[in-house]
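Single-structure report; data block below.
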Amino acid sequence: MNSFFNLIRWPNMVIVILTQYVFYNYVFLQIQGLSLQMNEVEFAFILFNTLLITLSGYVINDYFDFGTDLINKKRSGLKDYPLSKKSLKILYICLSIVHVWVQSPV
Numbered sequence: 066m067n068s069f070f071n072l073i074r075w076p077n078m079v080i081v082i083l084t085q086y087v088f089y090n091y092v093f094l095q096i097q098g099l100s101l102q103m104n105e106v107e108f109a110f111i112l113f114n115t116l117l118i119t120l121s122g123y124v125i126n127d128y129f130d131f132g133t134d135l136i137n138k139k140r141s142g143l144k145d146y147p148l149s150k151k152s153l154k155i156l157y158i159c160l161s162i163v164h165v166w167v168q169s170p171v
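Letter by letter, the sequence shown follows residues 66 to 171 in the working numbering.
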């Protein structure tokens, strides 16, 4: 489970969530006094899509850096790597499909 959290880089994901939330609530709504045509549910979908895009970017990065990471991080072999290249590719495709599905209008 720990390797999964390393794969998704959870501190970066928290920063993405906080940045979008603070920007939405304090810059758009309170400081500027702008009236947005977006409610909280639509904002949640945008935030979720941003997280999916970010996560899929991390996954595809791990896919292409697989061999380099094995050399540079001094791992003793594939058993120390959290996911195989095939699993990373499947995860990336699944995340991309979910992103397109969530993004498409209902």
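Cβ coordinates follow ideal geometry from the N, Cα and C atoms, glycine included.
- Cβ atoms of LEU83 and ASP127 stay farther apart than 8 Å, at about 24 Å.
- Around the beta carbon of VAL87, fewer than 16 other beta carbons sit within 10 angstroms, so the residue counts as exposed.
- Remark: C-beta atoms of VAL79 and ASN114 do not approach each other more closely than 8 Å.
- Annotated as distal: THR119 and VAL163, with beta-carbon spacing of 8 Å or more.
- In the displayed model, SER169 falls within coil according to three-state DSSP, outside both helix and strand.
- Within a 10 Å sphere around the beta-carbon of SER121 sit 16 or more other beta-carbons, which makes this residue buried.
- Considering only TRP75, LEU156, ASN77 and LEU112, the residue with the shortest C-alpha distance to TYR89 is LEU112.
- Between VAL124 and TYR157, the C-beta spacing is below 8 Å.
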